[in-house]
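Engineer:
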DNA sequence: TTTTTTCACGCAATCGTTGCCGGGAACGTT
DNA sequence: AACGTTCCCGGCAACGATTGCGTGAAAAAA
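Residue numbers (the working numbering), protein chains in the order written: chain A, 1 to 340; chain B, 1001 to 1340.
(1) What is the residue span of the beta strand (DSSP E) that residue 39 (chain A) lies within?
(2) What does DSSP give as the partner residues of residue 290 (chain A) in its beta bridges?
(3) Which residues of chain A have a Cβ atom closer than 9 Å to the Cβ of residue 1198 (chain B), listed in chain order?
(4) In whole angstroms, what is the alpha-carbon distance linking residue 70 (chain A) and residue 1104 (chain B)?
(5) With DSSP as the reference, label residue 1125 (chain B) as helix, strand or coil.
(6) Less than 8 Å between C-beta atoms, sequence neighbours within five positions excluded: which residues of the same chain meet that for residue 63 (chain A)?
(7) Using the C-alpha atoms, what's the distance from residue 148 (chain A) back to residue 299 (chain A)?
(8) How long is the line joining the alpha carbons of residue 1099 (chain B) and residue 1106 (chain B), rounded to whole angstroms?
(9) Suppose the cutoff is 8 Å on Cβ atoms and the five residues either side in sequence are ignored; what does the same chain contact list for residue 1331 (chain B) look like?
(10) Tell me, please, whether the CB atom of residue 1023 (chain B) is closer than 9 Å to any CB atom in chain A?
(11) Would you call the segment 1190-1210 of chain B in contact with the segment 1152-1170 of chain B, where contact means no fewer than 3 C-beta pairs closer than 8 Å?
(12) Out of curiosity, what's the CA-to-CA distance linking residue 1154 (chain B) and residue 1087 (chain B)?
(13) In chain order, what residues of the same chain lie with their CB nearer than 6 Å to the CB of residue 219 (chain A), ignoring the 5 residues before and after it?
(14) Counting pairs of beta carbons, one from the segment 1032-1043 of chain B and one from the segment 27-40 of chain A, are three or more of them closer than 8 Å?
(15) Who are the neighbours of residue 1081 (chain B) on chain A, taking C-beta pairs under 7 Å?
(16) Are at least three pairs of beta-carbons, each pair with one atom in the segment 1022-1029 of chain B and one in the segment 319-329 of chain A, less than 8 Å apart?
(17) Can you find a heavy atom of the ligand NAP that lies under 8 Å from the Cβ of residue 21 (chain A)?
(18) Would a check of beta-carbon distances place residue 1304 (chain B) closer than 9 Å to chain A?
(19) Judging by CA-CA distance, which residue of A:272, A:228, A:310 and A:313 is the nearest neighbour of residue 241 (chain A)?
(20) Starting from residue 1051 (chain B), find everything on chain A with Cβ-Cβ shorter than 8 Å and list it in chain order.
(21) With DSSP as the reference, label residue 1324 (chain B) as helix, strand or coil.
(22) Over what stretch of residues does the beta strand (DSSP E) that includes residue 1192 (chain B) continue unbroken?
(23) So is residue 238 (chain A) buried or exposed if we call it buried at 16+ other beta carbons inside 10 Å?
(24) Please list, in chain order, all residues of the same chain as residue 1265 (chain B) whose beta carbon is under 8 Å from its beta carbon, the five residues on each side excluded.
(25) With a cut-off of 9 Å, does the C-beta of residue 287 (chain A) fall near any C-beta of chain B?
(26) Taking only beta-carbon positions, decide if residue 1084 (chain B) is within less than 9 Å of chain A.
(27) Hey, is residue 1017 (chain B)'s beta-carbon within less than 9 Å of any beta-carbon in chain A?
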């Protein structure tokens, strides 16, 4: 790809590259006539400044790195949409990378992003990530980082999350108001921030309504839905099996539904079900799945805005604020009819 | 971010930058001792070559541009996974961009990718794209482009697609073998390559089994599932309504299912349904959705392989071959029981 | 006419890296 | 002793763009 450079323009017009550069940037010390000539020629030849050369000189790339556990996930792809929209409108490009829920890959990916000289990093931690030394080092070097969704307390950066506690509280409350009393909770790996918050919300709702918190009703599993059958079977085999399930993620709700169906359990008659998910097909399932929906796009937007602000405000001292965005409760069939 | 450079190393070790550079690259004309010194120091200081400087010098970025209509789509995110896997294993990075099914944005996005000096482009055309002048120009300048999934005949580049004809044929054949005779087809915008091929496969299967091709049974709609109710209602209002639907995309199948359910039509008793989709929840729907599944990841992998090959083989003359990958028929409940 | 000011532009350095050329030292060959 | 090799390494230039500084010439002021 032989694109035209400032040098080519200079040669063609018998001007120095400096003059061309200044003409294009509208410097006052270039005559109107020369400017016109240069601008016209550049236009005609479809000149585009080489962003790589600029990056080298200015030591910035106008690229944001986004690292998510996986993009084949409604929540993350919606969040990425939000990030992209903000980034592009502010002249940044976005480079999307996946950690594939793997700690080592996350570390490598972060390193690669930094090598590529991204101006900042937006990260949602992998489910395997307990330790954040790889980010801590960067953060201490004053490298702009914003965490979203899956965050870490050990990192003193801005964080954007959904109101996981509130969403879980609302979901549990909803089940209670539908007359359910033995509400099981299936969560994702417990060391994840979102997992803990959702568990806390569930527990708080139980307490608020005077229901006991029963540890035997709580399970934490991996992220693949294929792992759902055993815990569900286990729960249903209890002396007094649960009459409701509150699951903590996109895939868990679907996996749980499949497992229950496989067990011949009727939803919502026998067991009510509500998920914490952004899947777009919730209303097409049978029964239509009640969910707590997260403002994925809004999370992405806010994260990108904060990151760009942090990048462009050269000063140190990131605010390190945590932004909590409200969730929405979507009541459909799976959580059962209004109880008599 | 103050990363260490080759110059810093030179200063610290009292060597010229050229020597350091050569030492790091293991050049034969540097003494073993010096090499050791340099490599050790570089290691210790965690030196990383600046890829931007390299890009500028070598006029290549080791970045592949991927442009898809949207990432929040199972097929595309799977394809991207395939692309990524191949790219990273061969030392390339991937920059993902979305056209949002919009022609103008596609044009702009292509331009931005080129400005960013990606080494090559992997594109699946937006549904609005009838004209490919923006790609034709690039292609003629010998810029590496590979099309996948949504391709164009007007572009003489390598193309990777699913066997849309075969998949559609198999789906239609399956419905026929289940005893269905009035099979409706709902497709996406007809000027898209995949749309035409799927229609052709549907038609060929009808002919092969001696069924008439009835134009009134065929509809083409936009890509949003919210537009599904009218055509479905329209079809079901016919004197002899269809006894089966074959839909041509991820969202159509789901939208169609919702529309049929809203109409009170029972699936598969009254109307059998089969989709052309990669959605992971097909088996969780009620009834479980029969589908034709595309090798999304394989398509991505092959596309990336061909692009990289094209990039690294400096020669001109891209093969311009079209690669057709087989689809798989997944028979579930929605296409009905074996007919008596 | 001479001096000063203004205008319009060129030179060169810079960013990090590598390719090309050249050059000094040590050694071997006549 | 003179010359050629080989081994190691440094200097310069270049990739594309920006920018501080310098400079020539013309215009304005003296």
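Yeah, the Cβ is synthetic: ideal placement off N, Cα and C, and Gly gets one too. These numbers were taken from a predicted model, which means no experiment stands behind them.
Structural biologist: In this structure, then:
(1) Numbered from 1 along the first chain, position 39 holds the residue referred to as residue 39 (chain A). Under the DSSP assignment, residue 39 (chain A) falls outside any beta strand (DSSP E), being part of the alpha helix (DSSP H) whose first and last residues are 32-44.
(2) The residue given as residue 290 (chain A) occupies position 290 in the first chain. Residue pairing by DSSP places residue 290 (chain A) opposite A:274 in a beta bridge.
(3) Within the second chain, the letter at position 198 stands for residue 1198 (chain B). Per Cβ cutoff of 9 Å: no residues; residue 1198 (chain B) is ~22 Å from chain A at best.
(4) For this step, residue 70 (chain A) is matched to residue 70 along the first chain. For this step, residue 1104 (chain B) is matched to residue 104 along the second chain. Going by the C-alpha atoms only, they are around 28 Å apart.
(5) Translated into positions along the second chain, residue 1125 (chain B) becomes position 125. Note: residue 1125 (chain B) maps to coil in three-state DSSP.
(6) Residue mapping note: residue 63 (chain A) aligns to position 63 of the first chain, counting from 1. Cβ neighbours of residue 63 (chain A) within its own chain (closer than 8 Å, five residues either side excluded): 92, 93, 94, 95, 116, 117, 118 and 119.
(7) By 1-based counting over the first chain, the position of residue 299 (chain A) is 299. By 1-based counting over the first chain, the position of residue 148 (chain A) is 148. If I take the Cα positions, the gap works out to 7 Å.
(8) Taking the first residue of the second chain as position 1, residue 1099 (chain B) is located at position 99. Taking the first residue of the second chain as position 1, residue 1106 (chain B) is located at position 106. If you draw a straight line from the Cα of residue 1099 (chain B) to the Cα of residue 1106 (chain B), it comes to about 5 Å.
(9) Counting from 1 along the second chain, the entry for residue 1331 (chain B) is found at position 331. Correct list, in chain order: 1174 and 1290.
(10) For the purposes of this step, residue 1023 (chain B) is taken as residue 23 along the second chain, with counting starting at 1. It does not; no Cβ of chain A falls within 9 Å.
(11) In this structure the segment 1190-1210 of chain B lies against the segment 1152-1170 of chain B, because at least three pairs of beta carbons, one per stretch, are closer than 8 Å.
(12) For the purposes of this step, residue 1154 (chain B) is taken as residue 154 along the second chain, with counting starting at 1. For the purposes of this step, residue 1087 (chain B) is taken as residue 87 along the second chain, with counting starting at 1. Rounded to whole angstroms, residue 1154 (chain B) to residue 1087 (chain B) spans 27 Å at the Cα level.
(13) As a working note, residue 219 (chain A) is residue 219 in the first chain. 186 and 231, listed in sequence order.
(14) When C-beta atoms of the segment 1032-1043 of chain B are compared with those of the segment 27-40 of chain A, fewer than three pairs fall below 8 Å, so the two segments do not count as touching.
(15) Against the second chain, residue 1081 (chain B) aligns to sequence position 81. Those within 7 Å of residue 1081 (chain B) in chain A are 72.
(16) Counting Cβ pairs under 8 Å, fewer than three are found: no touch.
(17) As far as ligands go, the structure on display features none, and thus does not contain the ligand NAP.
(18) As a first step, residue 1304 (chain B) must be located in the second chain, where it is residue number 304. Judged by the 9 Å Cβ criterion, residue 1304 (chain B) is not in contact with chain A.
(19) Residue numbering aside, residue 241 (chain A) sits at position 241 when the first chain is read from its first letter. Ranked by Cα distance from residue 241 (chain A), the first of A:272, A:228, A:310 and A:313 is A:272.
(20) Taking the first residue of the second chain as position 1, residue 1051 (chain B) is located at position 51. Listed along the chain, the chain A residues whose CB falls inside 8 Å of the CB of residue 1051 (chain B) are 115, 116 and 117.
(21) In the second chain, counting from the first residue as 1, residue 1324 (chain B) sits at position 324. Three-state result, residue 1324 (chain B): strand.
(22) Mapped onto the second chain, residue 1192 (chain B) falls at position 192. Premise fails: residue 1192 (chain B) is in no beta strand (DSSP E) and is neither H nor E.
(23) The residue given as residue 238 (chain A) occupies position 238 in the first chain. It counts as exposed.
(24) By 1-based counting over the second chain, the position of residue 1265 (chain B) is 265. Short of 8 Å from the beta carbon of residue 1265 (chain B), and not among the five residues preceding or following it, lie these beta carbons of its own chain, in chain order: 1236 and 1271.
(25) Locating residue 287 (chain A) in the first chain gives position 287, counting from the first residue. Closer than 9 Å: yes.
(26) Numbered from 1 along the second chain, position 84 holds the residue referred to as residue 1084 (chain B). Under the Cβ distance rule, residue 1084 (chain B) counts among the residues neighbouring chain A, one pair being separated by less than 9 Å.
(27) For this step, residue 1017 (chain B) is matched to residue 17 along the second chain. Look at residue 1017 (chain B): its C-beta is not under 9 Å from any C-beta on chain A.
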